[in-house]
Structures are given as structure tokens and as C-alpha cells.
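The numbering of the sequence shown is our numbering, which starts it at 498 and goes up by one. What follows is a single structure, written as C-alpha cells, with notes after it.
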Amino acid sequence: MNRSPAAGQSGTRRLALLLLFLVSLFNYMDRYMLAVLLPAIKAELALSDAQAGLLTGLAFTLFYATLGIPIARLADRYSRRRIIALALGFWSAMTAACGLVQGFWQLLAARVLVGAGEAGASPPSHSLIADLYRASERARALSIYALGAPVGILVGFALGGWLVAHYDWRVALLAVATPGLLLSLLVYRRLPEPQRGASDGLTAPPEIPALLPTFGRLLGTPSFRQVSLATGLYTVLWLGVVQWLPSFFTRSFGLGIAEVGAWLAVILSGSQIVGMFFGGVLADRLGRRDLRWYCWLPALAIALSTPAFIVTFSTSDPGLAYATLCLPFAIGIVQGPASFAVVQGVADVGTRATAAALLLLITNLIGGGIGPWLVGYLSDSLAASAGPDALRRALLWVALCFGLWSAAHYAWAARHLRRDFRSAH
């Protein structure tokens, strides 16, 4: 019986997905460990909240978002394995450099370079997974890859909290950089490189159009446009909240950073691991019945998670605040694999890495550039009137406004999804 490469070679697919999961884990561990290290960094380098937000927002996002496009164009033409390995090695080295800085501007420059390296991870990874898994399996496979995010945050928060409590923030950054360099060598030697279009039954290399026509085709696709906006708006909420949660719990409840890091690692990562995996499985199952569920599901999940944020940022009980965080991060996170599956489904085979990079560009310019900085800015602005509750109020307004706004765009995207899938296939 003839089988396409995507249909057979299950061992190859499992190896590829495992290695890409580990790349994603290191991506998010290196990125989000800085959140739990921020109080110590602020104290040593005498940073304001706005400067701290810049380090976790615009500084990282500037190169992460913009360099994704040229790297994705390379990934649509050349070896995705080599690009991923080189990117991982570079950002690991720059993470180590963050631990050696002596001031704000040096740390800002190092974070920019971390972002530049991490730009080479997701677009080629999404493209490679799309060539290994058929459309009806893609959300589940992409959800497994995306599990690297909550697991990476779990390791980053827990390990970062422990290291900063027992050593210092510089040791923490150097400690996570070394295994990243070793993993880059393993990826370079062992990551499989599938034939492009294998999951769609193509036997010849796909046509790769020029960049501007590719942008025009993608941005002219209503579901791509709406899903990109929805994902960007949700990322404002997600990044803004996650990056400032350690500071919220230490300021609002007087808790120690090691305790906060451990609890947030378990709560955020545990709830997201469950939500990410089962969200991808559910999206594929519902999507086989009606493609519009790939957009309906995240719209419903985000809308239903909004009330929990009200409780989290209004209560005076730290236990209740911890508990109510589980719901929004468990069900809201299903938007990730569903959005990735939509983008890979409406993109042409020869432009899948570019489509993923364009989604990340829009998402990170909106979310990564605005989210952490906006929370920090609102906190500074509200300090005179709200006092110690300034950060609490800033987080509440960002969660409410951007959550409901994002859900509306997902619902709008569902109206166009079936037609856009047919146009791409």
C-alpha cells in the first residue's frame, strides 16, 4: 500500500515532534524566566516599572517579530533543520550574555539579540510539522509542539525562582544557556527534514512566490487577517499578565519570590499543558465536523475565561487569586493550536513558514510590543491614585478589554473560514 511520508514513518514523526517540542521548551524557558528574575534585576540595576516592561516587551519583540519574515523565507527554500539549530544556539549564547551585563542598556541590547535568535524557531517548526501531518491532524501536532510554552514557563519560573533565591539572577541565566547550546547540536544532527507538501500528497517541490505577492495573498484572506488580529490582541493580555504576575503577588500579598515562582510555575504551566493538549485534540475533532470550530472554539474559550480574571485581580485572598488563574489559562490557551492550524490551512504549501512568520509578526508587534509595557505604563500612571493597588488595576483592565476584543475577532474569522480553506486547496 502506498503511503505519503506524512501518513507513514511514525517513528520519524515522533522524533521530529519531540525535538521541536524541546526547542519550543527552551524558547519559552529562556524568554519567561526573566519575569521571575525581574524583582532582583530591578533592585540591582535600579530599573523603573516602564524599563522592566521594555525588557520583557518591546526589546525582545522588536527583532523577534521583524526577523521572523526573512528567516521564514529562508525556511521556505532551504533546510529548516539547520535554521532551527543555528537559531537555538545563537539565542542560548545571548541568554548567557544577559547574565553578564552591568547596566540597563547592555541588558536591553542582549535581550534584543535573544529575540533575534528566537525568531528562527517557530516559522520553520510550523512549516516542518505541516509537512509531517495532514490537515485533520495538524492542530493536535501543533498543540504538542506548543506544549513547549507552558512546560518551558514551568521550568523557567520554578528553576528561576529557586536559583535567584539560592544564588542570584546572573547564575540563573547562565544555567539555562548551557543545555540550550547542547540541544542545538542534537537538533542539527538528528531532526528529520520531510519533503515539502508531503502531507498534501505533492510529489514535486511547490512553487514559492515572491514575498510581496505572498503578503498580499495572506493579508487578503479574511480568516488569516482576523485570526492574526485576534491572536495579537490575546497576546497583549497573555504577555501582559504573565510577565507581571510575579510582581503582582509579591506586591499585593507580600509573598516571597521563591514561593511565588513555585506556585505560578505549577498553576500556569499545569493548566496550560492540559488546555493546550486537549484544546488541539478538541479543535481537530470539532473541525472535522465543521471547519468553523477552529475559530468558534477559541472565541468561546476566551470569552468564558474573562470572569475568572475579575476575581484574580479583585480578591484580597492570595489562595483564591492563585486558584482562579487556573481557568483562564486552561481554556483560553486553546486559541494557540487552533490559530496555528487555521494559518497553515489557508496558506499555500510553498509559503507555510512565511505564513507562520507573518502571524508571529502581527501577533508580537501587537501583543509582545504592547502587553508588558502597557501594564507597566498603566501601573506607573495609576500609582498616585491607586497606591499599592496600581498594578492590580492595570492587570484587571488589560485582561478584560483585550480578552473580549480578541474573542470578537475569532468569531468574525469563522464567517470566512470554509471558503478560505477551499481557496488554498
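We put the CB at the ideal spot given by N, CA and C, even for glycine. Please read these numbers as outputs of a predicted model, since none were measured by experiment.
Considering only their Cβ atoms, is the gap separating residue j from residue i smaller than 8 Å?
i           : j           : result
residue 640 : residue 776 : yes
residue 532 : residue 740 : yes
residue 453 : residue 904 : Nothing in the structure corresponds to residue 453, since the chain is present only between 498 and 922.
residue 648 : residue 766 : yes
residue 660 : residue 669 : yes
residue 645 : residue 525 : yes
residue 608 : residue 557 : yes
residue 746 : residue 757 : yes
residue 768 : residue 837 : no
residue 547 : residue 874 : yes
residue 914 : residue 846 : no
residue 559 : residue 612 : yes
residue 737 : residue 872 : yes
residue 570 : residue 709 : no
residue 752 : residue 815 : yes
residue 734 : residue 899 : yes
In chain order, what residues of the same chain lie with their CB nearer than 7 Å to the CB of residue i, ignoring the 5 residues before and after it?
i           : result
residue 619 : 853, 857
residue 790 : 780, 783, 784
residue 642 : 514, 517, 518, 521, 622, 626
residue 576 : 690
residue 770 : 644, 647, 648
residue 801 : 828
residue 539 : 549
Starting from residue i, follow the alpha helix (DSSP H) in both directions and report where the run begins and ends.
i            : result
residue 861  : Residue 861 -> no alpha helix (DSSP H), and no H or E assigned at all.
residue 640  : 632-643
residue 887  : 887-911
residue 686  : 666-687
residue 690  : First-last for residue 690: undefined, no H or E at that position.
residue 1003 : Since the displayed the chain opens at 498 and closes at 922, residue 1003 lies outside it and no answer follows.
residue 830  : Where residue 830 is concerned, there is no enclosing alpha helix (DSSP H), given that its DSSP letter is neither H nor E.
residue 710  : 708-716
residue 725  : 719-750
residue 592  : 577-595
residue 770  : 754-786
residue 614  : 601-615
residue 626  : 619-629
residue 565  : 565-572
residue 519  : 507-542
residue 553  : 546-553
Below 6 Å CB to CB, which residues in the same chain sit around residue i once its five sequence neighbours on both sides are set aside?
i           : result
residue 616 : 561, 564, 565, 568
residue 842 : 632, 918
residue 848 : 711
residue 500 : Since pLDDT at residue 500 reaches only 40, below the 50 mark, its modelled position is unreliable, and no value is offered.
residue 893 : 810
residue 498 : For residue 498, the predicted model reports a pLDDT of 37, less than 50, meaning its position is unreliable; a value from the coordinates is still stated below. Correct list: empty, nothing qualifies.
residue 516 : 684, 688
residue 662 : 755
residue 732 : 860, 864
residue 552 : 608
residue 725 : 856, 859
residue 909 : 723
residue 535 : 549
residue 719 : 913
residue 821 : 805, 808, 809
Can you determine whether any heavy atom of the ligand GTP sits closer than 7 Å to the C-beta of residue i, and answer yes or no?
i           : result
residue 908 : Absence of the ligand GTP from the depicted structure is noted, as is the absence of any ligand whatsoever, leaving it without description.
Candidates the options: which alpha carbon is nearest residue i's?
i           : options            : result
residue 730 : 869, 540, 582, 549 : 869
residue 907 : 900, 770, 727, 891 : 727
residue 749 : 899, 545, 890      : 890
residue 819 : 613, 882, 759, 873 : 759
residue 680 : 572, 579, 511      : 579
residue 549 : 581, 582, 900, 602 : 602
residue 672 : 596, 577, 630, 834 : 596
residue 573 : 835, 850, 686, 883 : 850
residue 792 : 912, 570, 707, 844 : 912
residue 635 : 900, 902, 833, 887 : 833
residue 831 : 764, 752, 795      : 795
residue 509 : 664, 630, 801      : 630
residue 823 : 813, 786, 787, 772 : 772
residue 511 : 664, 638, 902      : 638
residue 885 : 862, 605, 604, 813 : 813
Might you give, ordered along the chain, the residues of its own chain that have their beta carbon closer than 8 Å to the beta carbon of residue i, omitting 5 neighbours on each side?
i           : result
residue 677 : 523, 527, 585, 586, 588, 589, 592
residue 897 : 803, 806, 807
residue 505 : Note that residue 505 has pLDDT 45, beneath the 50 cutoff, so the model's placement of it is unreliable and no number is given.
residue 594 : 607, 610
residue 600 : 542
residue 650 : 525, 526, 529, 739, 762, 765, 766, 769
residue 877 : 545, 546, 547, 887
residue 895 : 733, 734, 737, 738, 868, 871, 872, 875
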